[in-house]
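Structure record follows, encoded as structure tokens.
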Amino acid sequence: MFLVLVVTEELREFLARARSGAGRLIQVLIRDEQLVLGAYREPRQSWDKDYDHFLLPLLDPNEPCYILYRMDTKNAQGYEWLFISWSPDQSPEDVCLQGYLRHVTSCSAPAPLTAAEQELQRIKITEVKTEITVDPKHQTLQGLAFPLQAEAKRALQQLAERRINYIQLKLDTEKERIDLVHTSPTEIRDLPCRIPLDTPRYHFFLYKHSHEGDYLESVVFIYSMPGYSCSIKERMLYSSCKSRLLEEVERDFYLEVAKKLEIDSGEELTEEYLYDEVHPKQHAHKQAFAKPRGPAGKRGNKRIIKGGGENGGNS
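Below is the structure:
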């Protein structure tokens, strides 16, 4: 048996007017087996910056609803809209902006392959890598590869030679390349100030420290992504280019990256945090003391020795 919900005339007229794109969000509630107009929001910023601010406060843990959310992109029929069905048995994390991005990523992911198909795909990728092309960027299963500019390559070579101790890189999303930002000398106390508050960055830091009596110089890679202040394009490109960049750094510059970190702000970059990440504590289970085995062969009868032990009992 299906429940048929009737759309009220008020909601029908409102949806017709909303096709012009003046609104950002329309909430539809269920009242007496009817679909009625709930909340309405007009755009303030871009669609991704408005998303959580507008949508999450409307999610009632006790009442389902429907939400129509207008994107900034258009197709032949006008603005594109998201249709969101909210139910109290869901988690707000499923419908927040990050949840939506995860959904988009999972939908665009390739279907699972058999072992034979995976091997065939690896062969095809190898063939593509051996071809000569005028376009230095290419895409494989490991992610997207933007070429390192000459200044960035020189800086990585200097880091490998221990002539500098810090590198900051950025993606030029228009020219599709990786540029050097700066190589200012950096101590651990300076690291939080090196993390931009409004844009993503890649960082390489030479962490000089002692561990168990040995002096070490460990290269730490830091991927900083300051949350919702960045565009979706930036978030996706930085995430996709990261693995290929690290692969090139370790292969071409012989830089062994001791630890890869992902942060949204520089506040957590303390001496203690870096040390614990580079040298994680081993949580070994404490074992009971094992008594030594007696001599092999036949043992005599047990004897009871009366007397006061440390706790006053028999021993």
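Residue numbering for the sequence shown follows UniProt numbering, starting at 1 and increasing by one per position.
Each residue gets a CB set at the ideal place from its N, CA and C atoms; glycine is no exception.
The model shown is predicted, which means the values in this text are computed figures rather than measured ones.
Cβ-Cβ separation, residue j to residue i (assumed contact under 8 Å), whole Å
i	j	result
residue 186	residue 215	Not confirmed; about 19 Å, so no contact.
residue 41	residue 25	4 Å
residue 160	residue 220	So it is not a contact: roughly 14 Å between Cβ atoms.
residue 69	residue 85	About 12 Å separates the two Cβ atoms, so there is no contact after all.
residue 101	residue 232	7 Å
residue 261	residue 248	At roughly 19 Å, the Cβ-Cβ gap does not stay under 8 Å, so residue 261 and residue 248 are not in contact.
residue 82	residue 52	With 8 Å as the limit, residue 82 and residue 52 do not qualify as a contact, their Cβ atoms being about 13 Å apart.
residue 71	residue 80	5 Å
Sequence-distant residues of the same chain with beta carbon closer than 6 Å to residue i, five excluded per side
i	result
residue 7	35
residue 272	none
residue 314	Note that residue 314 scores a pLDDT of 46, beneath 50, so its modelled location is shaky and nothing firm can be said.
residue 164	158, 183
residue 155	167, 180, 183
Proximal residues to residue i (C-beta, below 8 Å), its chain only, five neighbours per side dropped
i	result
residue 197	226, 229, 265
residue 61	88
residue 178	146, 147, 148, 149, 152, 169, 170, 171, 172, 202, 241, 245
residue 162	206, 217
residue 316	Shown here, the chain extends from 1 to 315; a query on residue 316 therefore has no answer.
Backbone secondary structure at residue i - three-state DSSP
i	result
residue 54	helix
residue 195	coil
residue 262	strand
residue 189	helix
residue 157	helix
residue 172	strand
residue 101	helix
residue 11	helix
residue 179	strand
residue 144	strand
residue 29	strand
residue 131	Its pLDDT being 39, under 50, residue 131 is placed unreliably in this model, and the value from its coordinates should be taken loosely. The answer is coil: DSSP assigns residue 131 none of H, G, I, E or B.
residue 137	Confidence is the limiting factor: at residue 137 the pLDDT is only 44, short of 50, which leaves the residue's position unreliable and the question unanswerable from this model.
Same chain only: Cβ atoms within 7 Å of residue i, ignoring 5 sequence neighbours per side
i	result
residue 5	30, 33, 34, 35
residue 43	24, 50
residue 11	28, 35, 36, 37
residue 209	216, 275
residue 54	24, 25, 41
residue 19	78
Report the residue ranges of all alpha helix (DSSP H) runs contained in full by the region 34 to 84; include only those spanning at least 4 residues, in chain order. 47 to 55
Can you list, in chain order, the stretches of the beta strand (DSSP E) that have 3 or more residues and sit fully within the region 202 to 254? 214 to 224
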